[in-house]
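Q: Residues 2 to 864 in the numbering used here are what the first sequence lists, from first letter to last.
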Amino acid sequence: MSPSHQLPKNYDIEEVERRWQSAWRDEDNYFDPASSKPRFIIDTPPPYPTGNFHIGNALNWCYIDFIARYKRMRGYNVMFPQGWDCHGLPTEVKVEETYGITKNDVPREKFREMCRDLTLSNIEKMRATMRRLGFSTDWSHEYITMLPDYYRKTQASFLQMLKAGDIYQSEHPVNFCTRCETAIAFAEVNYAPRTTKLNYFDFDGIEIATTRPELLAACVAVAVHPEDERYRGMKGKRLTVPIFGHQVPVIEDVVVDPGFGSGAVMICTFGDKTDVYWWKQHDLDLRKAIDRQGVMTATAAPYAGMSSEACREAILRDMEEAGILKRQEVLEQRVGTCWRCKTPIEILSERQWFVRVHQDEILDAARKVSWTPEHMFTRMENWANSMEWDWCISRQRIFATPIPVWFCTACGETVLPAEEDLPIDPTVDKPKTPCPRCGGSDFTGETDVLDTWMDSSISVLHVTGWDGTGKPPFFPAQIRPQGHDIIRTWAFYTILRAKALVGSHPWDQILVNGMVLGEDGFKMSKSRNNIISPEEIVGQYGADALRQWGAGGAATGSDIMFNWNDVVAASRFQTKLWNIFRFVMGHLDSGTESPAPVTELTDRWLLVRLSETVAEVTAAMEGYQFDRALRAIREFAWNTLADDYIEIAKGRLYADDSSRESACSALRTTMDVLCRLLAPIIPHFAEECYHNLAGRSVHEEAWPDFSYADDEARRHGDLLVKTVAELRRYKHDKGMALNAPLGHVMIYAPEPIDDAGDAGRALAADARWSTGTPRLEEVTSGVDFNMAVIGPALRKQARGFMEAVRALPPEQLKNPPATVTVAGEDIPVPPGSFTPKVAYRVAGEEVDVLTLGDVVVTIGHSS
RNA sequence: GGGCUUGUGGUCUAGCCGGUCAUGACGUCGCCCUUACACGGCGAAGAUCCCCGGUUCGAAUCCGGGCAGGCCCA
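#1: Residues in the same chain with beta-carbon distance under 6 Å from aspartate 443, minus the five sequence neighbours each way, listed in chain order, please.
#2: Below 7 Å CB to CB, which residues in the same chain sit around glutamate 421 once its five sequence neighbours on both sides are set aside?
#3: Would you mind giving the Cβ-Cβ distance between glutamine 479 and isoleucine 42, rounded to the nearest angstrom? I have them listed as a contact below 8 Å.
#4: Please classify alanine 621 as buried or exposed, where buried requires at least 16 other C-beta atoms within 10 Å of its C-beta.
#5: Nearest to asparagine 191 by CA position, among Arg335, Arg133, Val806, is which residue?
#6: How long is the line joining the alpha carbons of leucine 853 and asparagine 787, rounded to whole angstroms?
#7: So the beta strand (DSSP E) leucine 119 belongs to, where does it begin and stop?
#8: Would you say glycine 76 and proline 684 are within 8 Å of each other, going by their C-beta atoms?
#9: Looking at the secondary structure, which residues open and close the alpha helix (DSSP H) in which glycine 551 lies?
#10: Do you know offhand how far glycine 540's Cα is from valine 568's?
#11: Determine the burial state of proline 810: buried for a count of at least 16 other Cβ atoms within 10 Å of its Cβ, exposed for fewer.
#12: Going by C-alpha to C-alpha distance, which of Thr212, Thr183, Arg368 sits closest to serine 395?
#13: Measuring alpha carbon to alpha carbon, tell me which residue in Leu60, Met525, Asp644, Gly246 is nearest glutamine 1.
#14: So does leucine 497 have its beta carbon nearer than 7 Å to some heavy atom of the ligand MN?
#15: May I ask which residues mark the beginning and end of the alpha helix (DSSP H) holding alanine 621?
#16: Pull up the distance between the alpha-carbon of asparagine 11 and that of glycine 587, whole angstroms please.
#17: Grab the span of the alpha helix (DSSP H) containing threonine 92 for me, first residue to last.
#18: Spell out a yes or no on whether the region 600-611 and the region 709-723 are touching, meaning 3 or more CB-CB pairs, one atom from each, closer than 8 Å.
#19: Here's a check: name, in chain order, each residue in its chain whose Cβ is nearer than 6 Å to the Cβ of valine 858, leaving out the five neighbours to either side.
#20: Just verifying my parser: in three-state terms, what is the DSSP assignment at isoleucine 291?
#21: Identify which residue in Val823, Phe523, Cys87, Asp284 has its Cα closest to the Cα of isoleucine 399.
#22: Looking at C-alpha atoms only, which residue of Ala808, Trp354, Val242, Met377 is the closest neighbour of leucine 364?
#23: Skipping 5 residues on each side, what residues in its chain have a beta carbon closer than 6 Å to that of glycine 861?
#24: Would you please state the rounded distance, in angstroms, between the beta carbons of serine 158 and arginine 697? I believe it to be under 8 Å.
#25: Look at the alpha carbon of leucine 90 and the alpha carbon of glutamate 28, and state the distance between them as a whole number of angstroms.
#26: Quick check on tyrosine 304: does DSSP put it in helix, strand or coil?
#27: Do glycine 52 and methionine 127 come within 8 Å of each other at the CB atom, strictly closer than that value?
#28: Check for me: the beta strand (DSSP E) holding tryptophan 354 runs from which residue to which?
#29: Using DSSP's beta-bridge definition, name the partner residues of glutamate 333.
#30: Return the first residue and the last residue of the beta strand (DSSP E) that phenylalanine 707 is part of.
#31: Let me know the secondary structure DSSP gives arginine 75 once reduced to three states.
#32: From phenylalanine 916 to glutamate 701, what does the alpha carbon distance come to, in whole angstroms?
#33: Only counting the same chain, and skipping five residues up and downstream in sequence, which positions put a Cβ closer than 7 Å to that of glutamine 7?
#34: Near arginine 293, which residues of its chain fall below 6 Å by C-beta distance, leaving aside the five closest residues on each side in sequence?
#35: DSSP three-state call for cysteine 690: helix, strand or coil?
#36: CB glycine 1 to CB glutamate 15, shorter than 8 Å?
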């Protein structure tokens, strides 16, 4: 019998992976809108096109690809789209750096073009990495938010919410980055520690402490705590602001911390969020001392034109000269900074556009989504409950979706385009009709643009087929996979927008992945020099090894530390699998169309264990527990199949015995099922094996529903495996080679077992099974307790019971009495509560004796 | 300061809706090139399951309090 296949000895990762990547056709991954299969739509994250698909993305996409491939095998019509969230500051900054310009140095459209070019080339780089990782992306559902087809929808969604009253414009304090010259949302504010000085000075007779003396010109009130004895009776008095001379009232408010500084605080418009609160609560004046560029305004004369830093120094110097600066203290504080450029943010009052945030509605919708892991919902809940201001969606930048409105020069009316005219750029295009209010025909286009989250928060509408109005045909999506770092942004805004535009929750499930940390346990960052790129891993160990790391590195949802060891182990597992596969293929006959029945014990046992593995892996995949799935597969392949089954059954495969066909059948089935189980996680490897085995693509196959029950085979097979393992250990302990002949072995088991001679061949011994009793001296040496029985049955009496049992004579351990006496009380013996430990002594004959549970093995010294 | 989360052999990790000698990987040590695999096989050593207290016959697992780390935020 000649082997049906000649497989290369080594598995060439690079060659195999590249070969399949070029053989696979994109069309096979396309979502079919006409299909009658159940839909499974994935709201894939659109990454920011930095040009660098990093390892955190890789983990995220591994999860997505496992799901997409698994669901396809389960018969779903899967959509695994790929978006690109293009707009935003990082690209503008990069363009400014690259060309050594600022955004105002070139015409708006020119600047946009530069941004678009950079973005497209970055997307190209990232696509290449994604393909090299073997993701089964549906490239027919790719979207790019900066292109008209997509931002038309962003603009439509804006108009729809504007008309519904969910979007409004208003002058309101907002977080403002004076370097980027734009408003930003709270979600974009980071906090950084800073050491600063707390300055105490005389404010018209009252001592005030401030960290922001440059805001003195913007002072609109002085506040004290209503129960602060030091300032009793001050409320309503008017004080003169030093240096500037304008008058401000003294107010009382419980939010003032009497323990900070002098207990009196100056309220400026605006130093921080609390100032905004007080300003609203007490209906105070508005004094703008800092402009959009961070420069002091005329209000701050004589300091007008200075930067805020220069102004601070100048005011402190002037206070000192005037003798009103009393002292300074060093203060550690946290300051809000721009997420992009780290510049401390200012709070400026500006006309901006806002989206109304209805916390309760958002949370209701969020509750309709199934969260994995569950506790991630709490983060959403906490964030929603902490929202105090509406979402500021206007930005004073260029590379973003234009806000599609004009203002009538004559009457100021806000004029909207018709939806069919979208997309528009109001700074270029003109309204097609005169002003509906005054009939005027001269308009100013809105120059503000939209927050980029306004683009990405309708990704789910886009992928479910939204055309700009009504409910998308495939809405809601089945799953949203994303990281926990963007729960407060992407998840939150998406739910808000789905609720506002469609009226319900956007997805059935959300799967939240953790962050990838460096090998040192910290977040990867340039400054820590602990960054590992996907390319680096793939270059050395291949995509499948990286994917295994993603699956098995940590439980789904928890942060995962990158670890080269795991990648190396993953690649070794593939080598092992390859050798298993090579061995099996070497024994299978070619063209076996009608497989022989599986008759022999070891073969049936293998199928029982395979069946259990399928059940375990399926359950794990359903719950997105990829680590469990991979672990179960590894355990089965390496321990059960390679170390146990093949070691025991291989003699039969060489022996050309009539029982050989049974083993071949079992192995063919096993390899077939194993390839399918591996297909979602290591698609290249599974494909390579499956093609050799079946001549077809494993990715076209169904998920295995293999089940095989055989209690006897399970029991007897376990016993056989245990016995062989024990005898191997015996050989090892005797210093014998594992293939050294062993002579006469008798295995006494409680049930008759027919192993088709497997044990004998595996051990190189003349092994026989018997149900008889060895003629040996039997000694009871102790007792094993089963706490799972004793504990619940006897509770507090458990200890006394065990004492009493230990004191029983040996024959009673073998044949338990109905009751034992504990502290003078007869208590019943629960069935199965203990088993005697039996040792066998040699009686004259020269044999070694091994005992494993109720099995006794005797080994004769001569053959 | 708040929320969430984690703390298991040298390193990483499973278990954590309580039950006999705590899973696996890497590393270490010993033996073995047994006709798939030395990127292998067999075996060994190595754990106060962060600390303290509680519940329980019994706690890595549940509860309370600490300590330490991570993430998100104020």
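Quick reminder that beta carbons are idealized off the backbone N, C-alpha and C, glycines included. It should be emphasised that the depicted structure is a prediction, and the values quoted were computed from it without experimental measurement.
A: Here's the rundown:
#1: Start at 1 with the first residue of the first sequence, and residue 443 comes out as number 442. Beyond the five residues adjoining it in sequence on each side, aspartate 443 comes within less than 6 Å, by CB distance, of Thr410 in the same chain, given in chain order.
#2: As a working note, residue 421 is residue 420 in the first sequence. The answer is none, since no qualifying residue turns up.
#3: Numbered from 1 along the first sequence, position 478 holds the residue referred to as residue 479. Numbered from 1 along the first sequence, position 41 holds the residue referred to as residue 42. For glutamine 479 against isoleucine 42, the beta-carbon gap comes to about 5 Å, under 8 Å, which counts as contact.
#4: Numbered from its first residue, the first sequence carries residue 621 at position 620. Per the 10 Å Cβ criterion, buried.
#5: Counted from its first residue, the first sequence places residue 191 at position 190. Ranking Arg335, Arg133, Val806 by Cα distance to asparagine 191 puts Arg335 first.
#6: As a position in the first sequence, residue 853 is number 852, starting the count at 1. As a position in the first sequence, residue 787 is number 786, starting the count at 1. A direct Cα-Cα distance of roughly 17 Å separates leucine 853 from asparagine 787.
#7: Locating residue 119 in the first sequence gives position 118, counting from the first residue. Boundaries for leucine 119: no beta strand (DSSP E) harbours it, while the alpha helix (DSSP H) harbouring it runs 109-133, taken from the DSSP string.
#8: As a position in the first sequence, residue 76 is number 75, starting the count at 1. As a position in the first sequence, residue 684 is number 683, starting the count at 1. Against a cut-off of 8 Å, the Cβ pair of proline 684 and glycine 76 comes out as no contact.
#9: If you number the first sequence from 1, residue 551 lands on position 550. Boundaries of the alpha helix (DSSP H) harbouring glycine 551: 544-553, taken from the DSSP string.
#10: Numbered from 1 along the first sequence, position 539 holds the residue referred to as residue 540. Numbered from 1 along the first sequence, position 567 holds the residue referred to as residue 568. It is roughly 12 Å from the alpha-carbon of glycine 540 to the alpha-carbon of valine 568.
#11: By 1-based counting over the first sequence, the position of residue 810 is 809. Exposed: under 16 other Cβ atoms inside 10 Å.
#12: Position 394 of the first sequence, counting from 1, holds the residue named residue 395. It is Thr183.
#13: Residue 1 cannot be examined here, being either before or after the span of the chain that is shown, 2 to 864.
#14: What this structure holds is no ligand at all, so the ligand MN is not there to describe.
#15: Taking the first sequence and counting its residues from 1, one reaches residue 621 at position 620. Its alpha helix (DSSP H) spans residues 602-623.
#16: Against the first sequence, residue 11 aligns to sequence position 10. Against the first sequence, residue 587 aligns to sequence position 586. Those two C-alpha atoms are separated by around 15 Å.
#17: Here residue 92 refers to the residue found at position 91 when the first sequence is read from its first residue. Run containing threonine 92: 90-100, per the alpha helix (DSSP H) assignment.
#18: A contact between stretches requires three or more CB pairs, one per stretch, nearer than 8 Å, and the region 600-611 meets this requirement with the region 709-723.
#19: Here residue 858 refers to the residue found at position 857 of the first sequence. The beta carbon of valine 858 is closer than 6 Å to those of Ile748, Leu851 in its chain, skipping five residues each way along the sequence.
#20: Within the first sequence, the letter at position 290 stands for residue 291. Strand, per DSSP.
#21: Residue 399 sits at position 398 when you count from the first residue of the first sequence. In terms of CA proximity to isoleucine 399, Cys87 leads the group Val823, Phe523, Cys87, Asp284.
#22: Position 363 of the first sequence, counted from the start, is the residue given in the question as residue 364. The shortest Cα separation from leucine 364 among Ala808, Trp354, Val242, Met377 belongs to Met377.
#23: Taking the first sequence and counting its residues from 1, one reaches residue 861 at position 860. Hits under 6 Å: Gly744, His745, Val848.
#24: The residue given as residue 158 occupies position 157 in the first sequence. The residue given as residue 697 occupies position 696 in the first sequence. With 8 Å as the limit, serine 158 and arginine 697 do not qualify as a contact, their Cβ atoms being about 44 Å apart.
#25: Numbered from 1 along the first sequence, position 89 holds the residue referred to as residue 90. Numbered from 1 along the first sequence, position 27 holds the residue referred to as residue 28. Per the coordinates, the alpha-carbon of leucine 90 lies some 35 Å from the alpha-carbon of glutamate 28.
#26: By 1-based counting over the first sequence, the position of residue 304 is 303. When secondary structure is reduced to three states using DSSP, tyrosine 304 falls in the coil class, being assigned neither helix nor strand.
#27: Looking up residue 127 in the first sequence gives position 126. Looking up residue 52 in the first sequence gives position 51. Contact check for methionine 127 against glycine 52 passes: the beta carbons are separated by less than 8 Å.
#28: The residue given as residue 354 occupies position 353 in the first sequence. Annotation: the continuous beta strand (DSSP E) that includes tryptophan 354 extends over 347-356.
#29: Taking the first residue of the first sequence as 1, we reach residue 333 at position 332. Here glutamate 333 is bridged, per DSSP, to Thr196.
#30: Stepping through the first sequence from its first residue, residue 707 is reached at position 706. In the DSSP annotation of this structure, phenylalanine 707 is not part of any beta strand (DSSP E), being labelled neither H nor E.
#31: To locate residue 75, count along the first sequence from 1; it is residue 74. Three-state DSSP puts arginine 75 in coil, outside helix and strand.
#32: The question about residue 916 has no answer here: the residues shown for the chain are numbered 2 through 864.
#33: Taking the first residue of the first sequence as position 1, residue 7 is located at position 6. If we look at glutamine 7 and ignore the five residues flanking it on each side, it has no Cβ neighbours.
#34: Along the first sequence, read from residue 1 onward, the residue named residue 293 stands at position 292. Only Glu182 meet the Cβ criterion.
#35: By one-based count along the first sequence, residue 690 stands at place 689. In this structure, DSSP gives cysteine 690 a helical state, which the three-state scheme calls helix.
#36: For residue 1 there is no data in the structure shown, the boundaries of the chain being 2 and 864.
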